[in-house]
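Enquirer:
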Amino acid sequence: DSGVTQTPKHLITATGQRVTLRCSPRSGDLSVYWYQQSLDQGLQFLIQYYNGEERAKGNILERFSAQQFPDLHSELNLSSLELGDSALYFCASSVGTGALGEKLFFGSGTQLSVL
Amino acid sequence: DQQVKQNSPSLSVQEGRISILNCDYTNSMFDYFLWYKKYPAEGPTFLISISSIKDKNEDGRFTVFLNKSAKHLSLHIVPSQPGDSAVYFCAASAGDSWGKLQFGAGTQVVVTP
Chain B
53 DSGVTQTPKH
63 LITATGQRVT
73 LRCSPRSGDL
83 SVYWYQQSLD
93 QGLQFLIQYY
103 NGEERAKGNI
113 LERFSAQQFP
123 DLHSELNLSS
133 LELGDSALYF
143 CASSVGTGAL
153 GEKLFFGSGT
163 QLSVL
Chain C
25 DQQVKQNSPS
35 LSVQEGRISI
45 LNCDYTNSMF
55 DYFLWYKKYP
65 AEGPTFLISI
75 SSIKDKNEDG
85 RFTVFLNKSA
95 KHLSLHIVPS
105 QPGDSAVYFC
115 AASAGDSWGK
125 LQFGAGTQVV
135 VTP
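If you want it as structure tokens, here you go:
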């Protein structure tokens, strides 16, 4: 158990809908990261928050947004869903900023299926 | 633009033998390299890392080798055990890039008795 909690584990929805994925980091971790893993692909970095502020952004679509709340949990919002958004979404956390190769602790992921 | 590549999607090895996983990268700014291991229905877990100032890092049965001139790293598992059967991801970052790790597509390792 990494200590990172993601809910829900599975989500099935239709195209055009909006969903929210939730992540609780390990106790004491200030950074939260979101990654997307599509079929047969590696994890693609979406976005990082550190202590409530956005710190790094990857190839995150404009239809996607995230935030980190004062209690440090984070939510990833996906809107106007398309079939291609079907993927496994991972949340990770770390104590610091993630610089200098700091290791990340991953949750078990949310499997999103868009039908 | 895939900056980290794992060209072998799968590897089968006998228990007790050596497993060698390879990873290539294209971005010369990368200076930290990490390996993560993933079991089904779980998130990736950190295995071992190396910074660009080293060419080797060892942790028990796991050793990572870095060849900067070739932009290549490898993970050696000796001896391989059935519990090592998992997907292994290579990841890289530039030291000042916060937590923006670039991951390879992964290599599925199967250790047979």
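Heads up: the protein sequence lines correspond to chains B and C, in order. Here the first sequence is numbered in the numbering used here, starting from 53 and rising by one per residue. Here the second sequence is numbered in the numbering used here, starting from 25 and rising by one per residue. Ideal Cβ positions, reconstructed from N, Cα and C, are used throughout, including at glycine. Just so you know, these numbers come straight off a predicted model, no measurement behind them.
Can you list, in chain order, the residues of its chain with a C-beta nearer than 8 Å to that of G110(B)? Leave out the 5 residues immediately preceding and following it.
Expert: Q96, F97, L98 and I99
Enquirer: Between L133(B) and V166(B), how many whole angstroms is the CB-CB distance? I'm expecting something under 8 Å.
Expert: 5 Å
Enquirer: Looking at chain B, which residues of the stretch 101-115 of chain C have a Cβ within less than 7 Å of any of its Cβ atoms?
Expert: F113
Enquirer: Alpha carbon to alpha carbon, what distance is there between K95(C) and T50(C)?
Expert: 7 Å
Enquirer: When the cut-off is 9 Å and only beta carbons count, does L45(C) lie next to chain B?
Expert: no
Enquirer: Across the stretch 57-76 of chain C and the stretch 143-156 of chain B, are there enough close Cβ pairs to call them in contact, namely three or more that are closer than 8 Å?
Expert: yes
Enquirer: Under the DSSP definition of a beta bridge, which residues are partnered with K61(C)?
Expert: T69(C) and Y112(C)
Enquirer: Considering Cα atoms alone, identify which of G55(B), V71(B) and T149(B) is closest to Q163(B).
Expert: V71(B)
Enquirer: Just to confirm the assignment, what range does the beta strand (DSSP E) spanning N129(B) have?
Expert: Where N129(B) is concerned, the enclosing beta strand (DSSP E) starts and stops at S126 to L130.
Enquirer: DSSP on L167(B), reduced to helix/strand/coil?
Expert: coil
Enquirer: Below 8 Å on the Cβ atoms is my contact criterion, and I expect Q132(C) with V111(C) to pass it. Report the Cβ-Cβ distance as a whole number of Å.
Expert: About 5 Å separates the two Cβ atoms, so the contact holds.
Enquirer: What in chain B is Cβ-close to A129(C), meaning under 7 Å?
Expert: D92, Q93 and G94
Enquirer: Which residues of chain C have a Cβ atom closer than 9 Å to the Cβ of Q100(B), listed in chain order?
Expert: For the C-beta of Q100(B), the chain C residues within less than 9 Å are, from N- to C-terminus, W122, G123 and K124.
Enquirer: Rounding to the nearest angstrom, what Cα-Cα distance links Q69(B) and L130(B) in this structure?
Expert: 8 Å
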